[in-house]
Each structure stands twice: as C-alpha cells, then as structure tokens.
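With my numbering applied, the sequence shown covers 9 to 216.
Below is one structure; the comments refer to it alone.
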Amino acid sequence: MMMMMKMFAEGALPTSPLWVFGYGSLVWRPGFEFTSSKVGYIRGYTRRFWQGDTFHRGSEKMPGRVVTLEEDHNGCTWGVAYELRGDQIAASLKYLDMREAVLGGYVTKLVKFYPQEKETQEPIWALVYIATPQNPSYLGPASEEDIAAQIIVSSGCAGHNIEYLLRLADFMRYCCPQVEDEHLFSIEAALVSILPCLYHVEETLVEG
Numbered sequence: 009m010m011m012m013m014k015m016f017a018e019g020a021l022p023t024s025p026l027w028v029f030g031y032g033s034l035v036w037r038p039g040f041e042f043t044s045s046k047v048g049y050i051r052g053y054t055r056r057f058w059q060g061d062t063f064h065r066g067s068e069k070m071p072g073r074v075v076t077l078e079e080d081h082n083g084c085t086w087g088v089a090y091e092l093r094g095d096q097i098a099a100s101l102k103y104l105d106m107r108e109a110v111l112g113g114y115v116t117k118l119v120k121f122y123p124q125e126k127e128t129q130e131p132i133w134a135l136v137y138i139a140t141p142q143n144p145s146y147l148g149p150a151s152e153e154d155i156a157a158q159i160i161v162s163s164g165c166a167g168h169n170i171e172y173l174l175r176l177a178d179f180m181r182y183c184c185p186q187v188e189d190e191h192l193f194s195i196e197a198a199l200v201s202i203l204p205c206l207y208h209v210e211e212t213l214v215e216g
C-alpha cells in the first residue's frame, strides 16, 4: 500500500478513475468493489503459469502454479480491467496489495489496456500485478505436462489449483472466443489426459 501511495503522490497514477487489469483469478473473482469492467487485452506481455503459489492455490510442501506475465514484444494477454472511483480506490488497493503483493509476490506496473469494445478508440492506462523472476516463489518455465501434473496435486486456502486453471480457460473460451491461448489450453489438455475423471470435477465447479 505504501508503494501505491507513493505512486499517487508522484502523480504517476490518476486519483480517479483508476483501472486495474486482471489476467488470472481476478477475471472471475476480483474480490473488491468496482464501478465498471471491460474485457480486453494488453500488449508486450505473454501469460505463463510460471509463478508458484504457497497460499491461495498451493502450500509450502506442494506449491501450486498460477499465472504471471512475461515480457514479449509480440505478446498479447487478454483479461478484464476494472474501473475504480472515489473510496473504491484506496480500499481495493489495500486488498490487492495483500492478495497479490504480500501473499503472492507480485509487483505493480502501468500498462496500456485495449478494450474489446470497438467504440473505445484510445487505450486506457491500467495498473497490473506481475510476478518477476526475482521473487522467491517464481518457478519459471516447465513443460505443459509437468505444469498440469503440479496443478493436479495442489490446493490452498482459495481452493484447488485445478479450479484456477479451468476457470481461466473457461473465461478465455466464453469471453474471448476469437483468441487461441496456446499455453493455457495446452496445459488444460495435458491435465485432461492425466486426469480421466476431470468431467466430474467440472460438474462440481458448474454446480458451485
């Protein structure tokens, strides 16, 4: 929170509105109040399951795998941007700093967000949380099969790591059907091949 307040004081961020871009669990479970939301994308980054999680979707003994962003000149990552106004800003940043920075090991950056809706021509500056290779929970690259195998056996206080993967894949299919996220869908396919009973897991998620 102190880091964010410093950015406000230096004029790097507008006081209102403030946009926050989510590309992982924030797309289906923001956990904070917001004024509006838009599906869209940012450029120059690629989403990867390279961040370890020992709290939300894993444990110290069995870390889960969650997404972060890797710099990629030709990359494009889809997600949801949330508009915050007034009192929503301080309350949301306090919550997000604990959820993403303190418990997750993520740092903040400003990026240009491009809404999916065509009536908005100009990009919107948005805050995004990124886990860099310097943080202690960073796991780095692995094969889709190895990532899927790790996801299958991991769970944390926010739920099973499988749920995280499936909900993110569902978001991309239903909200961004024109986008082929090869990394994400390859991990999902690997998980399906490893876990024959996945159908029953999906039924439970839908009913929940």
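Positions of the beta carbon are idealized from the N, C-alpha and C atoms, including for glycine.
Remember, it's a predicted structure, so these values are computed and weren't measured experimentally.
query	result
Inter-residue Cα distance where the pair is residue 14 and residue 146	Confidence in residue 14 is poor, its pLDDT being 48 and thus under 50, which makes the residue's placement too unreliable to answer from.
Which of helix, strand or coil DSSP assigns to residue 46	strand
Paired residues, beta bridge with residue 26 - DSSP	92
Residue 164 versus residue 68 - alpha carbon distance	10 Å
Outcome for residue 71 when other beta-carbon atoms lying within 10 angstroms are tallied against a minimum of 16	buried
Per-residue DSSP class, three states only, for residue 37	coil
CB of residue 203 within 8 Å of CB of residue 173, strictly	no
7 Å CB neighbourhood of residue 201 in its chain, flanking five on each side removed	none
Three or more C-beta pairs below 8 Å linking the segment 177 to 189 and the segment 89 to 102	no
Where the alpha helix (DSSP H) through residue 198 begins and ends	190 to 202
Contacts around residue 153, its chain only, beta-carbon distance under 7 Å, and the 5 residues preceding and following it disregarded	198
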